[in-house]
Amino acid sequence: MRALYRSLLLMHPPAFRRRFAAEMLCIFDEAAATLGAFGLCLDALISLLRQWILRSGSWKLAAALLGAFLQVVAGGLFWLMLDRPPGDAGRPDLELAAMEWLLRFIVASVCAIIMLVFATSLWTRHFTRRRMHGDLR
Amino acid sequence: MKNEDLKSFLPLSPAVLHILLCLAGEPRHGYAIMQEVVRQSDGQYQLGPGTLYDNLQKLMDQGLVSEAPRPSADDDPRRRYYRLTPFGRRVLEADVARLKKVVREAGLRLKAPQPGRV
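Chains as they are written, first to last, in the numbering used here: chain A, 1 to 137; chain B, 1001 to 1118.
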């Protein structure tokens, strides 16, 4: 169990690991008998997810990827909706219009994702800076 | 430091409140903080190391807590001690004052007769 706990600590983001991993392992050595090794491993697993997803900023990338995935799915459905009836098959004007709509949709989606990630980064940076400097004068 | 600056930290989360309370008396290491939180809350609130160090990291970045020198040389070298900064103490005092108001308000409201009751 100690090896598992140590592995979970090693998987934490480098900054957190350098700062706290030795102490957390020290607590495991002292408290595993009273708090339970399994519970401590579960705590380390939750901490691992928290540090990577919430604290390291990877959630922004995850949100952008999820947004992109949703947009691609929506784009695919939109494309299916534009599917022509059998009688219109092969009509180049309809095909061109559908292609144009799809391209516009993709460009708008990509722009929306970029703007969302940019705005979120600016907001979190501003918030962190305000807390770090503004309030600690 | 203006009061408006302190307000942006309030209300403190239960974990942060307990950690700051633990450090208000003396510098402590991580495991001692965990044990003191259990004692303070009569065993109702338990902090895991993951939650503790996540909060300590935040508190140190915000300047509410800082690292303290190790009191004795024969202590486990892996242990690090933490203490409340003067700014952290002011934030804690502000939150305790807020909680006092909440308790006073709750006392008044719970004492007041409820409409429709005989």
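Backbone N, C-alpha and C define an ideal beta-carbon position, used for all residues, glycine too.
Please read all numbers here as calculations on a predicted model, not as lab measurements.
Per-residue DSSP class, three states only, for residue i
{"i": "A/Gly-134", "result": "The pLDDT assigned to A/Gly-134 is 46, lower than 50, so where the model puts this residue is not dependable, and the model offers no usable value."}
{"i": "A/Phe-16", "result": "helix"}
{"i": "A/Arg-55", "result": "helix"}
{"i": "B/Tyr-1045", "result": "coil"}
{"i": "A/Ser-121", "result": "helix"}
{"i": "A/Ala-98", "result": "helix"}
{"i": "B/Ser-1072", "result": "coil"}
Where residue i falls, given that 16 or more other Cβ within 10 Å makes a residue buried
{"i": "A/Ser-47", "result": "buried"}
{"i": "A/Arg-137", "result": "Low confidence applies to A/Arg-137: its pLDDT is 35, below 50, so where it sits in the model is not reliable, and the reading given next is rough at best. Exposed."}
{"i": "B/Cys-1022", "result": "buried"}
{"i": "A/Gly-134", "result": "Summary for A/Gly-134: the model assigns pLDDT 46, below 50, so the residue's position carries little reliability; its value from the coordinates is reported in the next sentence. Exposed: under 16 other Cβ atoms inside 10 Å."}
{"i": "B/Ile-1033", "result": "buried"}
{"i": "B/Asp-1074", "result": "exposed"}
{"i": "B/Ser-1013", "result": "exposed"}
{"i": "B/Thr-1110", "result": "The sequence shown places Leu at residue 1110 of chain B, rather than the Thr named in the question. Burial call: exposed."}
{"i": "A/Leu-66", "result": "exposed"}
{"i": "A/Met-99", "result": "exposed"}
{"i": "B/Val-1016", "result": "buried"}
{"i": "A/Met-24", "result": "buried"}
{"i": "B/Gln-1114", "result": "exposed"}
{"i": "A/Phe-69", "result": "exposed"}
{"i": "A/Ile-53", "result": "exposed"}
{"i": "B/Leu-1108", "result": "exposed"}
{"i": "B/Asp-1054", "result": "buried"}
Identity of the residues DSSP links to residue i by a beta bridge
{"i": "B/His-1029", "result": "B/Tyr-1081"}
{"i": "B/Val-1065", "result": "B/Leu-1084"}
Boundaries of the alpha helix (DSSP H) in which residue i is found, first to last residue
{"i": "A/Ser-47", "result": "37 to 49"}
{"i": "B/Ala-1112", "result": "Looking at the DSSP string, B/Ala-1112 is not in any alpha helix (DSSP H), and its letter there is neither H nor E."}
{"i": "B/Leu-1010", "result": "Per DSSP, B/Leu-1010 belongs to no alpha helix (DSSP H) and is neither H nor E."}
{"i": "A/Arg-6", "result": "2 to 10"}
Check whether residue i and residue j have beta carbons under 7 Å apart
{"i": "B/Tyr-1081", "j": "B/Val-1065", "result": "no"}
{"i": "A/Ile-113", "j": "B/Pro-1049", "result": "no"}
{"i": "B/Arg-1070", "j": "A/Ala-22", "result": "no"}
{"i": "A/Pro-13", "j": "A/Gln-51", "result": "yes"}
{"i": "B/Arg-1098", "j": "B/Leu-1010", "result": "yes"}
{"i": "B/Ala-1068", "j": "B/Pro-1027", "result": "yes"}
{"i": "A/Met-1", "j": "A/Ala-37", "result": "yes"}
{"i": "A/Gly-75", "j": "A/Phe-105", "result": "yes"}
{"i": "A/Ala-64", "j": "A/Val-107", "result": "no"}
{"i": "A/Glu-30", "j": "B/Tyr-1031", "result": "yes"}
{"i": "A/Gln-71", "j": "A/Ser-121", "result": "no"}
Under 8 Å by beta carbon: chain E residues contacting residue i
{"i": "A/Leu-10", "result": "Absent from the structure: chain E. Protein chains present are A and B."}
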